[in-house]
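Colleague: Position in the sequence shown counted from 1, then plus 74, gives you the working numbering. Below is a structure I'd like to ask you about.
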Amino acid sequence: MIVKYPEDEQEFREMVQSFLDSELTDELKEAGRKKTSIWQEPVSAAAWQAILYKKGWVAPDWPEKYGGTGWSARQRYIFAQECARYGTPGIAPMGLKMCGPMLIGHGTEEQKEYYLPKILSGEHIWCQGYSEPGSGSDLASLKTSATSDGDDYIVNGTKIWTSHAQHSNMIFALVRTSSEGRIQQGISFLLIDMNTSGIEIKPIINLEGSHELNQVFFNDVRVPKANRVGKENDGWSVAKYLLEFERFSMSSIELRRLLTRARRLADETTENGLKLQTESTFQKKISELEINALAIEMSEQRALASIESGDSPGSISSVLSAIGAETLQKADELGVEIASYYGLPKQPLALEVGYEAIIGPELFLPVTPSFLNNRMRTIAGGSSEIQRNIIAKAILGL
């Protein structure tokens with residue numbers, strides 16, 4: 075499933091490899107190996123972001139004038155591939171992958187000047203305030219209100235499934251500023267300081283037993299109108315633009331990591347005296363997944379080319395989101411099948427960097443937590459069913 079790039083790009087790949095060889099410490103490698111979801115624990119995430127920021131490589135997807143690298147789409151892809159191959163930690167994604175591109179596309183010059191440098195440096199860690207207890211897939215029905223009060227809005231309501239809100243100091247949120255007309259027409263997009271009086275965070279423990287999710291409550295929270303992105307009541311168009319970047323996640327990169335791990339797991343596992351790696355059923359399952367991953371990778375390349383030409387990812391984001399999430403889950407299922415009884419012990423402390431009292435080989439440690447965490451992949455950011463509705467309408471014209 076390796077895609078061969080033109081020879082003139084090999085020099086770039088080698089430059090990335092040299093950087094990773096010199097900067098990726100043993101502690102950061104361990105953090106990458108123990109990563110079980112798209113969210114990295116904050117200490118390692120901040121450390122890796124600081125290294126990338128110093129190098130000027132923290133936001134490869136951004137335009138160069140705003141702190142991006144100036145790399146081509148293919149170079150950015152190679153960089154992501156090598157980071158996955160080396161097992162780098164993740165970095166907080168909401169600012170760099172979502173809020174930043176949204177501000178570049180829709181923010182005022184003052185907002186760009188203030189927020190973008192803080193996103194790059196890691197001073198601002200962002201979370202997303204979209205879903206509500208009664209508004210998930212039907213997001214436009216949201217009820218969190220923002221009432222005008224002079225130069226401010228007064229925000230009241232609640233957001234749910236807010237990933238890493240407990241580690242964030244900023245949140246971008248959809249709020250209702252009008253109840254007139256179509257429900258999409260009364261929504262505005264606000265940038266809110268999480269340290270503002272009236273904000274309360276309550277944890278939601280997920281299936282795997284970790285604290286990634288939260289419910290955020292807003293009780294008379296005062297937000298300057300200068301923190302609104304776009305026009306009042308036009309936040310839905312900003313949100314749709316941003317969601318294209320959320321749904322366009324390069325899942326083939328994560329798939330490559332999971333399938334490489336599956337082959338390593340199979341190489342460490344014996345059945346009837348033979349390595350599982352040589353067993354025909356395993357070979358059939360992993361080959362099917364690798365073929366799917368290659369097809370996803372080619373589609374991602376087309377989407378990246380579209381972005382590089384100045385277009386948004388468009389509806390292909392929904393295709394990649396649905397197929398990518400479902401294939402990731404199948405890769406996780408294969409990992410659990412291989413791990414067998416090594417995947418049974420619950421070892422949350424062992425996932426911490428530096429912890430050595432592990433039951434079984436370390437290689438098997440993240441398999442079950444990863445499987446449990448990734449159950450949400452076909453729901454979060456728009457369920458697979460919602461993605462297929464978008465595909466049917468926007469691509470097939472149904």
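A virtual CB, placed ideally from N, CA and C, is assigned to each residue, including glycine. As the structure is a computational prediction, the values presented were derived from the model and not from experiment.
1) Less than 8 Å between the C-beta atoms of Thr236 and Leu287, yes or no?
2) Given Pro277, which residues of its chain have a CB within under 6 Å of its CB, disregarding the five upstream and five downstream residues?
3) Alpha carbon to alpha carbon, how far is Pro163 from Gly106?
4) Let me check understanding here. Comparing Cα to Cα, which of Gln240, Phe445, Gln375, Phe292 lies closest to Gln155?
5) Closest to Asn448 by CA distance: which of Lys192, Ile370, Gly398, Glu436 is it?
6) Closest to Gly224 by C-alpha separation, out of Val297, Ala369, Val312, Leu333, would be which residue?
7) Is the Cβ-Cβ distance between Asn230 and Phe153 less than 8 Å?
8) Using only the alpha-carbon positions, how far apart do Ser111 and Met168 sit?
9) From Gln91 to Ala120, what distance separates their C-alpha atoms?
10) In angstroms with no decimal places, state the Cα-to-Cα distance between Arg256 and Asp226.
11) Mind checking whether Leu378 and Ala166 have CB atoms under 8 Å apart?
12) Since I believe Leu216 is in contact with Ile261 (beta carbons under 8 Å), could you give me their beta-carbon distance rounded to a whole number of angstroms?
13) With DSSP collapsed to three states, give me the class of Ile266.
14) Could you compute how far the alpha carbon of Gln461 sits from the alpha carbon of Thr401?
15) Does the Cβ-Cβ distance between Ala367 and Arg330 come in under 8 Å?
16) Name the residue from Pro443, Phe445, Leu418, Val427 whose alpha carbon lies nearest to the alpha carbon of Ile433.
17) Can you grab the Cα-Cα spacing for the pair Gly471 / Asn307, in whole Å?
18) Could you tell me the distance, in whole angstroms, from the CA atom of Ala405 to the CA atom of Lys305?
19) Please list the terminal residues of the continuous alpha helix (DSSP H) segment that includes Tyr127.
20) Between the alpha carbons of Glu197 and Gln351, how many angstroms are there, rounded?
21) So, under 8 Å CB-CB, Tyr204 and Leu177 are touching, yes? Tell me the CB distance rounded to an integer number of Å.
22) Does the distance from the CB of Leu437 to the CB of Ala424 come in under 8 Å?
23) In three-state terms, what does DSSP make of Tyr415?
24) In the structure shown, what three-state DSSP assignment does Pro298 receive?
25) What do you reckon, are the CB atoms on Trp200 and Cys173 nearer than 8 Å?
26) From the DSSP output, read off the bridge partner residues of Thr251.
27) Rounded to whole angstroms, how far is the Cβ of Ser325 from the Cβ of Ile370, which I believe are closer than 8 Å?
28) From the DSSP output, in three-state form, read off Trp310 for me.
Modeller: Walking through what the data contain:
1) Result yes, Cβ atoms of Thr236 and Leu287 sit closer than 8 Å.
2) Cβ neighbours of Pro277 beyond the five flanking positions: His285, Asn288.
3) Those two C-alpha atoms are separated by around 4 Å.
4) Among Gln240, Phe445, Gln375, Phe292, the Cα nearest to that of Gln155 is on Gln375.
5) Minimum Cα-Cα distance from Asn448 among the listed residues Lys192, Ile370, Gly398, Glu436 corresponds to Gly398.
6) Comparing Cα positions, the closest option is Val297.
7) Cβ atoms of Asn230 and Phe153: not closer than 8 Å.
8) Distance between the alpha carbons of Ser111 and Met168: 14 Å.
9) Taking the straight line joining both Cα atoms gives about 21 Å.
10) Rounded to the nearest angstrom, the two C-alpha atoms are 24 Å apart.
11) Taking 8 Å as the Cβ cut-off, Leu378 and Ala166 do not qualify as a contacting pair.
12) By a beta-carbon distance limit of 8 Å, Ile261 contacts Leu216. Their separation comes to about 7 Å.
13) In this structure, Ile266 counts as strand in the three-state DSSP scheme.
14) Gln461 and Thr401 have their C-alpha atoms spaced approximately 15 Å apart.
15) Yes, these two residues count as a Cβ contact at 8 Å.
16) Of Pro443, Phe445, Leu418, Val427, the residue nearest in Cα terms is Leu418.
17) For Gly471 and Asn307, the distance between alpha carbons rounds to 28 Å.
18) The alpha-carbon atoms of Ala405 and Lys305 are separated by roughly 43 Å.
19) Here the alpha helix (DSSP H) through Tyr127 covers 116-129.
20) Looking at the backbone, the Cα of Glu197 and that of Gln351 are separated by about 45 Å.
21) With a Cβ gap of about 17 Å, Tyr204 and Leu177 do not count as contacting.
22) Their beta carbons are not under 8 Å apart, which means Leu437 does not touch Ala424 by this criterion.
23) Here Tyr415 carries a helix assignment [DSSP, helix/strand/coil].
24) Pro298: strand per DSSP, three-state reduction.
25) Result yes, Cβ atoms of Trp200 and Cys173 sit closer than 8 Å.
26) For Thr251, DSSP assigns no beta-bridge partner whatsoever.
27) With a Cβ gap of about 6 Å, Ser325 and Ile370 count as contacting.
28) Of the three classes helix, strand and coil, the one that applies to Trp310 here is helix, per DSSP.
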